[in-house]
Amino acid sequence: MREKAKKCVFVLIVAFIIAIYMILSSESTYQSIRSLGGEIYYLYLIRSFDVFVQWKSHPREFCDGKFIAYGKELARLKEAVFVPDGKYGQFKIQCQDRITYHFNDIKNHNHLNDWLKGIGYIDRETYLQQKQGSKKNHVTLAVFRYEYANLFHQMTDYYNAFVAMKIFNLKPDNMDILIVDKSAKSQLDSNWDDLFGNVSFAKEMNEPVAYPDLIWAVLGYNSPLNFHSMNTISFVAEFSNFVKTRYGAQINRPLDCSGISILFIWRRDYVAHPGNPSGLVSRKIKNEKELMESVQQDFPGHPVAGIQLDDYSMKDQLHWISQTDILIAMHGAGLSHILFLPEHAGVLEMYPTYWPKTNRHFRAMARWKKLHYYNWQNINPLNEYDKFYTYIPSVVVTQRVQSIYYDMCGKLPSKTPIKEPS
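Residue numbers (my numbering): 1 to 422.
In C-alpha cells, the structure reads:
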C-alpha cells in the first residue's frame, strides 16, 4: 500500500512539472512575459522562438505609419531626419504626436528608448531641404555599437542586421548602414562595407541628413546570439552562408578523413582599441609550438597550422576558417568564427583557471551549428604564468583532438603518414 502511494505521488509530481512547462511554453504566457519588458529574457532559458515571427510580430503603428515599432526590439521610420548631435544623436519625423512605447531592456538600458524619448518633429518642407542620406529604393539601418572592437559583439550586430534584412525582405546591397556611435576606428569597421550597402558614420557628419526609409537596429546585447541556453536560433545556416558568400569563402568543405585540416587560433598581445594602449591580452597559450608539434605527431600527413587572426583581413580569416575541420583555441572572440566552420567540424575550447566556463558563447554556437564540441579548463595553478600565459599539457589537446576525429570519422587517426599522390 505504501509503495502504491509513493508511485501515485511520483506520477502527480511528474504531471505537475509537465503542466508547469506547458503553461510557460504557451504562446499566451509568452506574450504575458513579453509585456514585462526586460523579463522577456527569462523565457530564453526554457524555449526557443522564431526570431522572424517575434521581431516582426505585433507591429504598433504611430503617426500614420511614420513610425512603426516591432516586437519591442526594432522600429521603422518613414521620411526621418538624423541630427548627429550628442552621444546618441537625434531622429526627427513629420509627426507631433507623443509616441508611447518601450523597447526591451538588457542591462537596464536600451538606446532605442533614448532615441524614442528624444524624437523630434520636422515639417515636410524642411525635410525635403535636407541632404539625402541614401539612394532611391535603399533602406538605411541605424546601428549603435557598444563593443566595437570585439568580434563576438560585432557579430551580434552583423547577425541582427542580417535578420532585419531578412524580415523586411531587403537585399544586402540595398540596405545601407548608419553607424550612430562615435567610437574610434576599428579593424572591424570595414566588415560593414563588405556585408551590406553604403556605410556612413555619424562622427563624420556635420549636418542633419534625411532618410526616406530608416530602421532602428536591434540592440546588440538583445541578439539571440547572446542567449546561450536556447536550443536553436533562427537563420544560423543562412547567416553563415551569407557572410561566406560576401567574402568569397568556401560554403561547405566536404569531410575528407584522410586529410583533416587542424587550426589553432593564437591569442597574442596587440592593440585592438585605444582603451587598451598596452595591448596586453589575457588567455594566452605559453607553449604554442609544443602543442602544434604534438598534434602533428598524432596526425601525420594532416595539415596543422596556427594563426593570430588579427594579422589577417576578414576575407583571409574566413578563407582559413571555411577550410578548417578542427578548430582549437582559448576562449576568446576569435571563436565567433565557429559560425563559419564546415557542417561536420569540431571545436576544442580551452580556459585558464581564472576564466569561468560559464562563459558559454561558443559552446552555444557549436550547438546551434551541430558541431562536435569539447572543452578543457586548467585547474593546476602551476600552469598559470605572468602576463596571462597558460601552459597547456600537450596530452590535453591531443586526446581531445583524437576524440573529435573519432566523432567525425568513426575511427581513430592512423599514425602512419599519408603518402602524397605521385
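All C-beta atoms in this analysis are idealised placements derived from N, C-alpha and C, irrespective of residue type, glycine included.
Discussion item. Measuring straight from C-alpha to C-alpha, what distance separates Ala364 and His228?
Written reply: Taken atom to atom, the span from the alpha-carbon of Ala364 to that of His228 is near 5 Å.
Worksheet item: Just to confirm, are Ile326 and Val401 a CB contact at a threshold of 8 Å?
Response: For Ile326 and Val401, yes; Cβs fall inside 8 Å.
Fill in: Whole-angstrom C-beta distance between Phe62 and Asp97, which should lie under 8 Å
Going by Cβ atoms, the distance from Asp97 to Phe62 rounds to 7 Å, so yes, they are a contact pair.
Discussion item. Short of 6 Å in beta carbon distance, which residues of its chain neighbour Leu335, apart from the five on each side in sequence? Order them along the chain.
Written reply: Ala329, Phe362, listed in sequence order.
Item to complete: Measure the Cβ-Cβ separation of Gly248 and Lys315 and say whether it is below 8 Å.
Response: Yes; because the gap between Cβ atoms is below 8 Å, this pair is in contact.
Fill in: Nearest-angstrom Cα separation, counted from Ala217 out to Ala202
The straight-line gap from Cα to Cα measures roughly 15 Å.
Item to complete: With a threshold of 16 other CB atoms inside 10 Å of the CB of Thr390, please say whether the residue is buried or exposed.
Response: Buried, because 16 or more other Cβ atoms sit within 10 Å of the Cβ of Thr390.
Worksheet item: Buried or exposed: where does Ser32 fall if 16 or more other Cβ atoms within 10 Å of its Cβ makes it buried?
Response: Caution is warranted here: a pLDDT of 37 is assigned to Ser32, below 50, making its placement in the model unreliable, and the coordinate value is therefore given only provisionally. Looking at its Cβ environment, which holds fewer than 16 other Cβ atoms inside 10 Å, Ser32 is exposed.
Item to complete: Take Ser26 and list the residues in its own chain whose beta-carbon comes closer than 6 Å to its own, dropping the five residues that flank it on each side.
Response: The predicted position of Ser26 is uncertain, since its pLDDT is 44 and thus under 50; a value taken from the coordinates is nonetheless stated next. Closer than 6 Å at the Cβ level, and outside the excluded window around Ser26, lies no residue.
Worksheet item: If we count the other Cβ atoms within 10 Å of its Cβ and call it buried at 16 or more, is Asp173 buried or exposed?
Response: Its Cβ having fewer than 16 others within 10 Å, Asp173 is exposed.
Discussion item. What does the alpha-carbon distance come out to for the pair Tyr405 and Ala366?
Written reply: About 16 Å.
Worksheet entry | Element boundaries [alpha helix (DSSP H), containing Asn191] | Element bounds for Asn191: 189 to 195.
Discussion item. Bridge partners for His372 per DSSP, in chain order?
Written reply: Note: His372 sits in a beta bridge opposite Gly346.
Fill in: Residue environment, Ser414, which counts as buried when at least 16 other CB atoms sit within 10 Å
Ser414 should be labelled exposed.
Worksheet item: Counting Cβ pairs closer than 8 Å, one from the stretch 332 to 346 and one from the stretch 371 to 389, do we hit at least three?
Response: Touching, per the Cβ criterion.
Worksheet entry | For Ala237, the first and last residue of its enclosing alpha helix (DSSP H) | 236 to 246 is the extent of the alpha helix (DSSP H) around Ala237.
Fill in: Contact under 8 Å by Cβ, Ala210 with Gln130
Yes. Within cutoff.
Practice prompt. Under 8 Å by Cβ, that's how I've got Ser240 and Asp50 pegged, so tell me the actual separation to the nearest angstrom.
Written response: Going by Cβ atoms, the distance from Ser240 to Asp50 rounds to 18 Å, so no, they are not a contact pair.
Fill in: Validate contact between the stretch 68 to 76 and the stretch 179 to 186 using beta carbons, cut 8 Å, 3 pairs
Fewer than three Cβ pairs drawn from the stretch 68 to 76 and the stretch 179 to 186 lie within less than 8 Å of each other, which leaves the two stretches out of contact.
Worksheet item: Rounded to a whole number of angstroms, what is the C-alpha to C-alpha distance between Gln323 and Asp194?
Response: Distance between the alpha carbons of Gln323 and Asp194: 20 Å.
Worksheet item: Which residue comes first and which comes last in the alpha helix (DSSP H) that contains Ser394?
Response: Segment 394 to 409, the alpha helix (DSSP H) holding Ser394.
Item to complete: Can you tell me which of Phe162, Glu293, Tyr158, Ile177 puts its alpha carbon nearest to the alpha carbon of Phe82?
Response: Checked all of Phe162, Glu293, Tyr158, Ile177; the closest Cα to Phe82 is Ile177.
Worksheet entry | Simplified DSSP state of Ser200, which is helix, strand or coil | If DSSP states are grouped into helix, strand and coil, Ser200 belongs with the strands.
Practice prompt. For Tyr159, I'd like the list of residues in its chain whose CB is within less than 7 Å of its CB, leaving aside the five on either flank, ordered along the chain.
Written response: Same-chain partners within the cutoff: Ser223, Leu225, Phe239.
Worksheet item: Between the C-alpha atoms of Tyr101 and Arg60, what's the straight-line distance to the nearest angstrom?
Response: Those two C-alpha atoms are separated by around 9 Å.
Practice prompt. Going by DSSP, name the residue or residues bridged to Gln377.
Written response: Looking at the DSSP assignment, Gln377 forms a beta bridge with Tyr351.
Worksheet item: Going along the chain, which residues of its own chain have a beta-carbon closer than 7 Å to the beta-carbon of Tyr127, five neighbours each way excluded?
Response: Apart from sequence neighbours up to five positions away, the residues of its chain that approach Tyr127 with a beta-carbon distance below 7 Å are Glu79, Val81, Gln94, Ala210, ordered along the chain.
Discussion item. Given a cut-off of 8 Å on the beta-carbon distance, is the pair Met350 and Ile392 in contact?
Written reply: Yes, these two residues count as a Cβ contact at 8 Å.
Practice prompt. Could you name the residues that DSSP lists as bridge partners for Ile177?
Written response: Answer is Leu141, Val199, bridged to Ile177.
Discussion item. Let me confirm a value: Ile425 is counted as buried when at least 16 other C-beta atoms fall within 10 Å, else exposed. Which label applies?
Written reply: Because the chain in this structure spans residues 1 to 422, residue 425 falls outside the shown range and cannot be described.
Worksheet item: Does the separation of the CB atoms of Phe144 and Tyr221 fall below 8 Å?
Response: No; because the gap between Cβ atoms is not below 8 Å, this pair is not in contact.
Worksheet item: Candidates Trp55, Lys56, Arg76: which alpha carbon is nearest Gly65's?
Response: Distance check between Gly65 and each of Trp55, Lys56, Arg76 places Arg76 closest, using alpha-carbon atoms only.
Item to complete: Give the range of the beta strand (DSSP E) segment to which Asp473 is assigned.
Response: No information on residue 473 is available, as it lies outside the stretch 1 to 422 that the chain covers here.
Worksheet entry | Which listed residue (Ser261, Asp310, Tyr312) has its alpha carbon closest to that of Pro303 | Nearest C-alpha to Pro303: Ser261.
Worksheet item: At what residues does the alpha helix (DSSP H) containing Glu73 begin and finish?
Response: Segment: none, Glu73 is in no alpha helix (DSSP H) and carries neither H nor E.
Fill in: Nearest-angstrom beta carbon gap, Arg267 and Lys286 [assumed within contact, 8 Å]
Taking C-beta atoms under 8 Å as the contact rule, Lys286 and Arg267 fail to qualify, at a distance of about 11 Å.
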